[in-house]
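Q: Residue 4 is where the sequence shown starts when you use our numbering, and the numbers rise one by one after that. Glycine included, each C-beta is placed from N, C-alpha and C at the ideal position. These numbers were taken from a predicted model, which means no experiment stands behind them. Just dropping this structure here.
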Amino acid sequence: MIKVRNLSKHFGELVVLKDISIDISKGEVISVIGPSGTGKSTLLRCLNLLEVPTGGNIFIDDVPLLDKNTNVPKLRQKMGMVFQSFNLYAHLPVLENLTIGPVKLLGKKKAEANEKAFELLKVVGLAEKAYSFPDELSGGQKQRVAIARCMAMEPEILLFDEPTSALDPTMVSEVLAVIRRLSREGMTMVIVTHEMEFARNTSSRVFYMDEGLIYEEGTPQQIFDNPRKEKTKAFINRIRSLNCHISSNDYDLYAMQGEMETFCEKHMLSKRVTGYVLHIAEEVLVLQKDFSDINLNLSYSEKEGDVELRCESAGPLFNPLKDETLEDDIGLKLIKGRCKSVDHVYEDGKNILLLRIKGE
Ligand code: ADP
Ligand code: MG
């Protein structure tokens with residue numbers, strides 16, 4: 004359905020897309036992931052010609068997009084794009100946001116456009132808001148209207164550029180649920196996202212972008228569980244774990260525990276396990292002597308279902324597990340009692356404590 008061949012895009016000297024070739028079939032859901040600045044937005048914008056590519060070609064149903072004789076506006080209508088920032092018409096009520104395009108560009112009758120608009124508002128759960136103005140809606144509701152407005156143009160492909168990154172965390176799931184529903188209904192979609200759980204569960208394929216290329220692609224299992232290439236591995240490891248750095252005694256324990264809690268929630272750990280993790284992290288810090296350079300790293304291993312807490316602290320050798328003065332220490336007992344394993348190593352002038360906490 005979409006065929007991209009040797010696509011490149013330069014901004015002056017800056018080469019953003021080097022050489023991209025992809026094939027996307029009807030009904031596929033592609034997640035595009037990767038560090039920021041790697042050209043994910045530029046790729047989407049090239050796909051629907053919001054940016055003119057420097058080289059290569061794009062074929063939609065075998066029609067070349069970049070040939071002079073191609074009817075570009077018509078082809079572009081096949082592709083709807085949803086942006087991070089909604090882009091609704093603020094002066095129009097929701098219903099008219101959905102009907103203006105079909106009436107003006109597709110030549111639909113008002114009554115027909117209205118009927119279709121209501122149908123779509125039901126799909127995104129917002130029929131009740133048909134006569135509200137965008138201002139009166141929450142971010143999540145606005146984004147759902149934006150998706151319905153796109154659908155009103157009857158596109159064959161939907162492109163999403165980080166559709167949830169401008170939203171409060173509480174509203175992310177309502178938007179993702181709508182996208183999931185569209186995927187179940189067979190919509191072809193390309194989604195640039197930072198929501199890794201979503202990418203893993205909803206997409207048929209994942210593109211990892213780096214170096215101006217689709218650096219690695221594969222099924223969600225391949226990319227998330229078995230990335231083959233160096234940069235993909237590093238990226239997946241980074242998003243898999245949480246790093247907190249402490250550089251003085253006055254560190255903000257509560258902010259850190261807040262981040263850890265969010266991390267645990269994201270990996271759907273139970274309240275009980277989350278509580279253990281926060282408590283154990285706190286006790287591990289109590290055992291530290293030097294706070295000038297501590298790295299706390301929390302990672303979740305999906306295979307074993309364990310949470311690993313790694314505490315690296317620069318300073319002379321000190322193993323709290325072997326320290327006799329700590330034999331009766333309640334914190335240390337708690338750590339040993341709740342962890343599957345607790346180990347200490349001294350490496351490169353750092354004391355490293357490795358704790359495995361059982362996921363369930
Ligand atoms: P991503 O979406 O992966 O974060 P972008 O596609 O937005 O990356 O940007 C990739 C690179 O291209 C960045 O270095 C950005 O500064 C640059 N870039 C994007 N759009 C333009 C533009 N219109 N003019 C000049 N540079 C741009
Ligand atoms: Mg972007």
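Buried or exposed for His248, going by 16 or more other Cβ atoms inside 10 Å?
A: Burial call: exposed.
Q: For the ligand MG, is there any heavy atom lying closer than 7 Å to the beta carbon of Ser44?
A: yes
Q: Is it a yes or a no for the segment 300-314 touching the segment 327-341, going by three-plus beta-carbon pairs under 8 Å?
A: The segment 300-314 is not in contact with the segment 327-341.
Q: From the DSSP secondary-structure annotation, give me the bridge partner or partners of Tyr92.
A: Per DSSP, Tyr92 has no beta-bridge partner at all.
Q: Taking the alpha-carbon positions, what's the Lys119 to Met84 distance?
A: 19 Å
Q: If you follow the alpha helix (DSSP H) that Lys236 is part of, which residue opens it and which one closes it?
A: From DSSP, the alpha helix (DSSP H) with Lys236 extends over Glu233 to Arg243.
Q: If we count Cβ pairs, one from each stretch, closer than 8 Å, do we get three or more for the segment 235-243 versus the segment 51-63?
A: no
Q: In terms of residue numbering, what span does the alpha helix (DSSP H) encompassing Phe266 cover?
A: For Phe266, the uninterrupted alpha helix (DSSP H) segment begins and ends at Leu256 to Lys269.
Q: Is Arg8 near Ser24, with beta carbons less than 8 Å apart?
A: yes
Q: For the alpha helix (DSSP H) that Leu281 lies in, which residues bound it at each end?
A: Element bounds for Leu281: Lys274 to Val289.
Q: For Ser344, which residues does DSSP report across the bridge?
A: Arg359
Q: Would you identify the three-state DSSP class for Glu219, choosing helix, strand or coil?
A: strand
Q: Assuming Val178 contacts Arg147 under a Cβ cut-off of 8 Å, what Cβ separation, rounded to an integer in Å, is found between them?
A: 6 Å
Q: I'd like to confirm something about Val195: is its beta-carbon nearer than 7 Å to some heavy atom of the ligand ATP, or not?
A: The ligand ATP is not part of the structure shown, which contains the ligand ADP and the ligand MG as its ligands.
Q: Under a Cβ-count criterion, where at least 16 other Cβ atoms within 10 Å of its own Cβ denotes burial, should Gly215 be classed as buried or exposed?
A: By the neighbour-count rule (16 or more Cβ atoms within 10 Å), Gly215 is buried.
Q: Return the CA-CA distance between Arg152 and Tyr257, expressed in angstroms with no decimal places.
A: 42 Å
Q: Would you mind stating whether Cys314 and Leu356 have Cβ atoms separated by less than 8 Å?
A: yes
Q: Given a threshold of 16 other Cβ atoms within 10 Å of its Cβ, counted over all protein chains shown, does Asp386 qualify as buried or as exposed?
A: With the chain covering only 4 through 363, there is no way to say anything about residue 386.
Q: When we look at the beta-carbon of Gln144 and count the other beta-carbons within 10 Å, is it buried (16 or more) or exposed?
A: buried
Q: Given this structure, state the Cα-to-Cα distance separating Asn90 from Thr191, to the nearest angstrom.
A: 22 Å
Q: Curious, which full-length alpha helix (DSSP H) runs of at least 4 residues does the segment 118-182 contain?
A: If we require 4 residues or more, the alpha helix (DSSP H) runs fully inside the segment 118-182 come out as 142-155.
Q: With a cut-off of 8 Å on the beta carbons, I'd call Val127 and Val75 a contact; round off their distance for me.
A: The pair is not a contact, with the Cβ atoms about 29 Å apart (cut-off 8 Å).
Q: Kindly identify the DSSP beta-bridge partner or partners of Val209.
A: Ser34 and Gly221
Q: Relative to the ligand MG, is the shortest distance from any of its heavy atoms to the C-beta of Glu165 smaller than 7 Å?
A: yes
Q: As a quick exercise: from Pro319, Leu290 and Gly42, pick the residue whose alpha carbon is nearest that of Thr328.
A: Leu290
Q: Using a 10 Å radius around the Cβ and a threshold of 16 neighbouring Cβ atoms, would you call Leu108 buried or exposed?
A: Classification of Leu108: exposed, given that the 10 Å Cβ count is below 16.
Q: In the structure shown, what three-state DSSP assignment does Thr57 receive?
A: coil
Q: Who are the near neighbours of Ser344 in its chain, counting only those whose CB is closer than 8 Å to its CB and skipping five residues on each side?
A: These residues qualify, in order along the chain: Leu357, Leu358 and Arg359.
Q: Give the range of the alpha helix (DSSP H) segment to which Arg101 is assigned.
A: Correcting the residue type first, residue 101 is Leu in the shown sequence and not Arg. Per DSSP, Leu101 belongs to the alpha helix (DSSP H) from Val97 to Leu108.
Q: Less than 8 Å between the CB atoms is what I'm expecting for Glu198 and Thr167, so what's the real figure, rounded?
A: So it is a contact: roughly 6 Å between Cβ atoms.
Q: Grouping DSSP H, G and I as helix and E and B as strand, with all else coil, what is Ser304?
A: strand
Q: May I have the straight-line CA-CA distance separating Gly189 from Pro137, to the nearest angstrom?
A: 28 Å
Q: To the nearest angstrom, how far is the alpha carbon of Ser11 from that of Gly42?
A: Rounded to whole angstroms, Ser11 to Gly42 spans 11 Å at the Cα level.
Q: Mapping the DSSP letters down to three states, classify Ser28 as helix, strand or coil.
A: coil
Q: Given this structure, state the Cα-to-Cα distance separating Lys113 from Glu264, to the nearest angstrom.
A: 50 Å
Q: Let me know the secondary structure DSSP gives Glu350 once reduced to three states.
A: Residue state, collapsed to three classes: strand.
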